[in-house]
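Engineer: Take the sequence shown: its letters are residues 132 to 323, numbered as in this note's numbering.
We put the CB at the ideal spot given by N, CA and C, even for glycine.
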Amino acid sequence: MSRVHVVYAHPSPHSFTREVLDAFLSGVASYTLSDLYASGFPAVMTAAEYARAPDDPVPADVATEQASLAAAEVWAFVYPVWWADCPAVLKGWFDRVWTTGWAYRPMRLRPVRRAIVLCTAGYEIADLEATGHYQAMRAVMLGDRIGGRAESSEFVLLGGSVLAGTDRDGWAARKAAHLEHAAELGRSTRAG
Ligand SMILES: Cc1cc2nc3c(=O)[nH]c(=O)nc-3n(C[C@H](O)[C@H](O)[C@H](O)COP(=O)(O)O)c2cc1C
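1) Mind checking whether the beta-carbon of PRO144 lies closer than 7 Å to any heavy atom of ligand 1?
2) Here's a check: name, in chain order, each residue in its chain whose Cβ is nearer than 8 Å to the Cβ of PRO242, leaving out the five neighbours to either side.
3) I'd like to check one pair, LEU221 with LEU259: are the Cβ atoms closer than 8 Å?
4) Along the chain, where does the beta strand (DSSP E) that runs through SER170 open and close?
5) Could you give the uninterrupted runs of the alpha helix (DSSP H) lying entirely in the stretch 224-290, keeping only those of 4 residues or more?
6) By the 10 Å Cβ neighbour count, where 16 or more other Cβ atoms means buried, how is ALA203 classified, buried or exposed?
7) Decide yes or no for the touch test of the stretch 166-182 against the stretch 222-241: beta carbon pairs closer than 8 Å, at least 3 of them.
8) Does the Cβ of THR251 lie closer than 7 Å to at least one heavy atom of ligand 1?
9) Closest by CA to ALA322, which one among ARG245, ASP216, TYR139?
10) Below 8 Å, how does it come out for the stretch 263-277 and the stretch 295-315: are there three or more Cβ pairs, yes or no?
11) Ignore the nearest five residues each way along the sequence and tell me which others in ILE256's own chain have a CB closer than 7 Å to its CB.
12) Assign ARG276 to buried or exposed, taking buried as 16 or more other Cβ atoms, counted over all protein chains shown, within 10 Å of its Cβ.
13) Can you tell me which of the three DSSP states THR177 falls into?
14) Cβ atoms of VAL248 and SER133: under 8 Å apart, would you say?
15) Quick one: using the 10 Å Cβ neighbour count with 16 as the cut-off for buried, is THR262 buried or exposed?
16) Look at the alpha carbon of GLY301 and the alpha carbon of THR251, and state the distance between them as a whole number of angstroms.
17) For the alpha helix (DSSP H) holding TRP377, just list the boundary residues, first then last.
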């Protein structure tokens, strides 16, 4: 049974992204959760953090995040695509939690077995591929932010929520399929 640590970033409990989170967690056997909006996670790196050396202590909230990540076999990042990236609070989480001496130069963390990036988007994947945004987001999340910090990683984008405004039935069917996909991903973390 794998312990999953989930980093979640959406401000509203009445969102599609929240439903995706709940569906994913319904399949997971054991998890811890960092809900960045609910906890008011400070997303702006301070001058002191910027100046710290690899062996200097990290702030207490950063140490808490790193301990949760280190205790897990799987990491999951659940968020909506905002302006072709994650919400600012999650970008700031990477700025602060991926510290020198832990996540890079030198990387001392033990790579996690699996990292899952699970994001929602207004556009369909085909549209995001046509503009190059899909490839860019995947490269940034898996190539840079996850990188060698996970033995395997996957980028799952559940798109098409703009349909909600124009085709309610179409969106209802797409949404049901997306939520089942998220639940299946959650269940898949139980293996190994
Ligand atoms: C500030 C903001 C920026 C957004 N930028 C994008 C974007 O760049 N690409 C995209 O496909 N959807 C974009 N969307 C749509 C969201 O991805 C979509 O509403 C979300 O994934 C699902 O809705 P939810 O807020 O109910 O969870 C944006 C939405 C907001 C509020």
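Structural biologist: Looking at the atomic coordinates:
1) Indexing the sequence shown from 1 puts residue 144 at position 13. Checking every heavy atom of ligand 1 against the Cβ of PRO144, none is found closer than 7 Å.
2) Here residue 242 refers to the residue found at position 111 of the sequence shown. Once the five neighbours on either side are set aside, the close Cβ partners of PRO242 are GLY279, ARG280, ALA281, GLU282.
3) Walking along the sequence shown from the start, residue 259 turns up at place 128. Walking along the sequence shown from the start, residue 221 turns up at place 90. No; because the gap between Cβ atoms is not below 8 Å, this pair is not in contact.
4) Along the sequence shown, read from residue 1 onward, the residue named residue 170 stands at position 39. Boundaries around SER170 are those of the alpha helix (DSSP H), 167-170, since no beta strand (DSSP E) includes it.
5) 256-262, 264-269
6) As a position in the sequence shown, residue 203 is number 72, starting the count at 1. Under this definition ALA203 is a buried residue.
7) yes
8) Residue mapping note: residue 251 aligns to position 120 of the sequence shown, counting from 1. Yes, ligand 1 has a heavy atom inside 7 Å of this Cβ.
9) If you number the sequence shown from 1, residue 322 lands on position 191. Residue ARG245 is the option with its Cα nearest to ALA322.
10) Contact between the stretch 263-277 and the stretch 295-315 is absent, with fewer than three C-beta pairs closer than 8 Å.
11) The residue you call residue 256 lines up with position 125 of the sequence shown. Once the five neighbours on either side are set aside, the close Cβ partners of ILE256 are TYR265, LEU288, GLY290.
12) Counted from its first residue, the sequence shown places residue 276 at position 145. ARG276 counts as buried, since at least 16 other C-beta atoms from the protein chains shown sit within 10 angstroms of its C-beta.
13) Within the sequence shown, residue 177 is the residue found at index 46, counting from 1. Three-state DSSP puts THR177 in coil, outside helix and strand.
14) Mapped onto the sequence shown, residue 133 falls at position 2. Mapped onto the sequence shown, residue 248 falls at position 117. Result no, Cβ atoms of SER133 and VAL248 do not sit closer than 8 Å.
15) In the sequence shown, the residue the question calls residue 262 occupies position 131. THR262 counts as exposed, since fewer than 16 other beta carbons sit within 10 angstroms of its beta carbon.
16) As a first step, residue 301 is located in the sequence shown; it is residue number 170 there, counting from the start. As a first step, residue 251 is located in the sequence shown; it is residue number 120 there, counting from the start. For GLY301 and THR251, the distance between alpha carbons rounds to 16 Å.
17) Outside the shown range of the chain, which is 132 to 323, sits residue 377, and nothing can be said about it.
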